[in-house]
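Asker: Here's a structure for you.
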Ligand SMILES: Cc1cc2nc3c(=O)[nH]c(=O)nc-3n(C[C@H](O)[C@H](O)[C@H](O)COP(=O)(O)OP(=O)(O)OC[C@H]3O[C@@H](n4cnc5c(N)ncnc54)[C@H](O)[C@@H]3O)c2cc1C
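Residue numbers (this note's numbering): 83 to 447.
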């Protein structure tokens, strides 16, 4: 079949590239092995009519005006600032750690300067900072590290913080003020009608054909496109020739509570030291939906299953680089996205990467 471009994967990366190329007059076929568009950002009404995120909570935040303006062509927004509490020693405390976290945990009454001096007195200075353990104990010392980070990281990654890059811990900052927002980006908002609706508008273009429930490996012979855009796992594309890249997977346990209006105070509650799950998210906080019941999701990290998170540690990076060298030699193929670039990208970063990949592809074809 004829098409200028074949795009594998209808998540953020594949959908943004498809729309950009179609807007420039190219014909695009976009496929996904799942039965729906929107990749891991997919949301849908559960059978009780509550909009839920099938693959775990997705909160949009960005400092990029370019990315925010781009997506705004396909959606209106509902302003939303995410807040997270962590269940520690019988209390629910703000995370990222801030002044109130420390005061409530230890029964103190520190002000901002007092908190800085407190951190100075408990920190374990590390130089160089290589691992997540280094990054955290260097700022807050061992007790806060053990209570907030160690258990959560062990569960989330199946690894100790000392085995992960410092960048993993750096995703959750430490604050000395009262700010209890999870993110501080300039733009923090949820697509007003949901992610799937936003993707549906993005892909609604006469130049774009969507095929769902289709594995690339099974249909690759049907097309000889001028260009291929691949957003699936890079190791799978190369038939795992250097071995499997490790990914962390998750089991999502969705539950509807018909007689509960509000299950928890904030969008997400983390459980670093109790339970097998890492966190519970209540969707109505994220979406602002009104309903007599509520729907929640518990996340259980696991080793096997759908690849959700590339695991950021040195040996995996080395293995990825071997695949990346092969990818660079692959003529007429662009690898973009969280799985193809084996990078712990947020949605806005994926959109940015897809916009720049689109420019390069248009220069080529
Ligand atoms: C639990 C969880 C929570 C997250 N929360 C946030 C958040 O709050 N904020 C944020 O900014 N980011 C969040 N993210 C990250 C966000 O999901 C990603 O940045 C984004 O979805 C990546 O888009 P993508 O297109 O690269 O990949 P994906 O969304 O994974 O899309 C890739 C698509 O390719 C398809 N595919 C793969 N291989 C094949 C094949 N061989 N044939 C056909 N189709 C194939 C897959 O089915 C998939 O639909 C979260 C991620 C997870 C896992």
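In this text, a Cβ means the ideal position worked out from N, Cα and C, and glycines have one as well.
1. Look at residue 391 and residue 293 and say whether their C-beta atoms are less than 8 Å apart.
2. Spell out the partners DSSP gives residue 331 in its beta bridges.
3. So residue 338 and residue 130 are in contact, right, with Cβ under 8 Å, and what is the actual spacing, rounded?
4. Compute the minimum distance between the beta carbon of residue 308 and the heavy atoms of ligand 1, and state whether it is under 7 Å.
5. Cβ of residue 418 within 8 Å of Cβ of residue 313?
6. Using 7 Å as the cut-off, classify the Cβ of residue 178 as near or not near the heavy atoms of ligand 1, replying yes or no.
7. Among 385, 141, 299, which residue has its Cα nearest to the Cα of residue 326?
8. Hey, residue 111 and residue 278: beta-carbon distance below 8 Å or not?
9. Here's a check: name, in chain order, each residue in its chain whose Cβ is nearer than 8 Å to the Cβ of residue 263, leaving out the five neighbours to either side.
10. Ligand 1 heavy atoms versus the CB of residue 95: any closer than 7 Å?
11. Classify residue 214: buried if its beta carbon has 16 or more other beta carbons within 10 angstroms, exposed otherwise.
12. Note the first and the last residue of the continuous beta strand (DSSP E) segment covering residue 312.
13. Between residue 368 and residue 141, is the Cβ-Cβ spacing less than 8 Å?
14. How do the region 430-444 and the region 399-408 stand: do at least 3 beta-carbon pairs fall below 8 Å, yes or no?
15. When burial is assigned at 16 or more other CB atoms within 10 Å of the CB, is residue 180 buried or exposed?
16. Taking 8 Å as the limit between beta carbons, can you name the residues of its chain near residue 447, skipping five residues before and five after?
17. For residue 119, which three-state DSSP category applies?
18. With respect to the beta strand (DSSP E) encompassing residue 363, which residues constitute its N-terminal and C-terminal limits?
19. Just tell me which of 241, 145, 377 has its CA closest to the CA of residue 268.
20. Is DSSP giving residue 435 helix, strand or coil here?
21. For residue 234, count neighbouring Cβ atoms within 10 angstroms of its own Cβ and tell me buried if that reaches 16, exposed if not.
22. Pairs of beta-carbons, one from the region 217-235 and one from the region 148-156, closer than 8 Å: are there three or more?
23. Hey, residue 421 and residue 315 are a contact pair by Cβ (cut 8 Å); roughly how many whole angstroms apart?
24. Just tell me which of 196, 364, 287, 216 has its CA closest to the CA of residue 99.
25. Whole angstroms is fine: what's the gap from residue 128's alpha carbon to residue 343's?
26. Just list the residues that DSSP pairs residue 341 with in beta bridges.
27. For the beta strand (DSSP E) that residue 182 lies in, which residues bound it at each end?
Answerer: Well, looking at it:
1. no
2. 384
3. 5 Å
4. no
5. yes
6. no
7. 385
8. no
9. 163, 164, 165, 270
10. yes
11. buried
12. 309-312
13. yes
14. no
15. buried
16. 86, 87, 108, 308, 309
17. coil
18. 361-364
19. 145
20. helix
21. buried
22. no
23. 4 Å
24. 287
25. 16 Å
26. Residue 341 is not bridged to any residue.
27. Element bounds for residue 182: not the beta strand (DSSP E) but the alpha helix (DSSP H), 181-188.
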